[in-house]
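Each residue of the sequence shown is one higher than the one before, counting from 303 in our numbering.
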Amino acid sequence: MTSKSEARPHDDTPAATHAFLQDARTVDVALWLSGLKPDARERHLAALAPARRATVFGNLPLNMQVKLARKMPSADLARIVTAMDADDRVDLFNRLSEDDQTGLVAQLAPEHGEDIRRLSSHPEECAGAIMTSDYAVLEAGMTAEDAIAALRRQAHGAETIYRSYIVDADHRLAGSVRLHALILAAPDTPVTQLMESAPVSVTLDTDQEDVGKMIARYDLLAIPVVDAEGRLVGIVTHDDAADVMQAEATEDFQKISHVLPFKQSMREAGIGVLYSRRIVWLALLVFGNLFSGAGIAYFEEMILAYVSLVFFLPLLIDSSGNAGSQSATLMVRALATGDVEMKHWRSLIVRELSVAAALGATMAAVVFPLGAWRGGADVALTVGLTMFVVVLIGSLVGMSLPFLLSRLRLDPATASGPLVTTISDATGVLIYFSIATLILSP
């Protein structure tokens, strides 16, 4: 990770700033520019040479690219977009207004304009939306010598040539070959003898999260994308897949905290965005917590008779919520990574029952002496037994909810955090005072 000291000039003098802009890594320049005010950012970006400006621009956050693009003349924007990677330029294109898109395409070379329109036509969050058309392709009839010559011609515009894809006369994917294998082979060796047949591939409509998982599972630098007829139409590189997985993880964290997902960075999100994304679940959970209040009201006479019970109420329901959140978080992550599937539910529920029982017994042993100290043996028994039951129930609820939501084709990330805590609070109150009624009532 780049440190802040590496991503800024050594001092604030114009000479140091100029040297930094010209000599520093483009990623560091982009990071520094992203921290400036808009006017200063535009001024420094405009001062860069065209090729360097395009590279720096491509490393800026997408929201920042959009704001800069809206202020640029179409001709200037077209020069930058032409130098960007195919998938990056499509991401920017999709965020522009229709008028800006029309103006940009009019300034682009026909082949670039057609490529953008084709790539941008695919639905979001699928392989077609994150693939690039900048890939190296070889024909099945080539020799190793022919293939190396072809790669020299294609290398400048390709995202990667470490693995090339072999197609037949109809452009159907036949195999893939590593550059290492081509270099070591005799010049007249047919590429069909060097290629790996039936390479791992995805279709245009494969979910982008599944694409990332496949790249990670098979340890690929890139994965080919084919259409319904098996024709090669693009590739998804590992860095783009990593960006997707990072975005998906961020979205899961937001859902776990019951924040409606938003695409802006935390630094750029406005007050209105943050408010609108947080208020919905907070308001809904208020109504969920009313059940806890109703439970307390129902057992009002018991509480008045044994005031010491109130002392343990926060401790017990918080323990239930904490245990449930632990189970839910572990299960949501395991489902997200593919470590567990729906078919594993039965074996996992049995294991969670054993773990939760052990946790509940241990925590019951901890609070039992406190109950005896505050209210005597009967209160101690009430508190200890309640602790055991609520931890057990909370853990089982936390583990089961992600599976239930997955079965209903909903995102299991919404099962964690506040939702599990709210359910555990309501059930914990009922369990606590029901046990108290059984043990303490004359």
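Glycine included, each C-beta is placed from N, C-alpha and C at the ideal position.
- Taking a C-beta distance under 7 Å as the contact criterion, Ser610 and Arg676 qualify as a contact pair.
- In the structure shown, Ser466 adopts extended strand secondary structure according to DSSP, grouped into three states.
- Taking Ser736 as reference, the option from Leu655, Asp641, Glu603 and Ala317 with the minimal CA-CA separation is Glu603.
- In this structure, Ile733 keeps its C-beta atom at 7 Å or more from the C-beta atom of Val699.
- Note that the C-beta distance between Gly430 and Leu484 is not below 7 Å.
- Tyr608 and Thr664 have their C-alpha atoms some 25 Å from each other.
- Approximately 6 Å separates the beta-carbon atoms of Leu694 and Ala659; this is inside 8 Å, confirming the contact.
- Glu427 carries a coil assignment under DSSP once its states are collapsed to helix, strand and coil.
- Between the alpha carbons of Ala457 and Asp389 lies a gap of roughly 17 Å.
- In the structure shown, the three-state DSSP call for Thr384 is helix.
- Within the DSSP bridge table, the entry for Ile619 names no partner.
- A Cβ-Cβ separation of about 7 Å places Leu364 in contact with Leu394 under the 8 Å criterion.
- At a Cβ-Cβ threshold of 7 Å, Ile581 and Ala543 do not count as neighbours.
- At a Cβ-Cβ threshold of 7 Å, Leu650 and Pro714 do not count as neighbours.
- When the beta-carbon positions are compared, Val692 and Ser622 come within less than 7 Å of each other.
- Rounded to the nearest whole angstrom, the C-alpha separation of Pro720 and Ser399 is 38 Å.
- If you draw a straight line from the Cα of His320 to the Cα of Arg343, it is about 13 Å long.
- Per DSSP, Asp545 has no beta bridge partner at all.
- The C-beta of His482 has fewer than 16 other C-beta atoms within 10 Å across all chains shown, which makes the residue exposed.
- Restricted to the segment 598–676, the alpha helix (DSSP H) segments that are unbroken, complete and at least 4 residues in length are 602–607 and 610–639, listed in chain order.
- Per DSSP, reduced to three states, the secondary structure at Asp509 is strand.
- If you check the CB distance, Val634 and Pro526 do not come in under 7 Å.
- Comparing C-alpha distances from Leu523 to each of Val513, Asp529 and Ala530 shows the shortest one belongs to Val513.
- Per DSSP, Glu531 lies in no alpha helix (DSSP H) and is assigned neither H nor E.
- With 16 or more other Cβ atoms inside 10 Å of its own Cβ, Ala446 counts as buried.
- Taken in chain order, the whole alpha helix (DSSP H) runs of length 4 or more contained in the segment 393–418 are 400–409.
- Straight-line measurement puts the Cα of Val731 at about 11 Å from the Cα of Asp620.
- DSSP places Pro363 outside both helix and strand once states are collapsed to three, so it counts as coil.
- Ranked by Cα distance from Asp641, the first of Arg519, Leu475, Ala353 and Ala488 is Arg519.
- Segment contact: the segment 421–439 against the segment 493–502, fewer than three CB-CB distances shorter than 8 Å; contact not assigned.
- Closest in C-alpha terms to Asp387, from the list Ala408, Leu421, Ala377 and Glu426, comes Leu421.
- DSSP lists no beta-bridge partner residue for Ile432.
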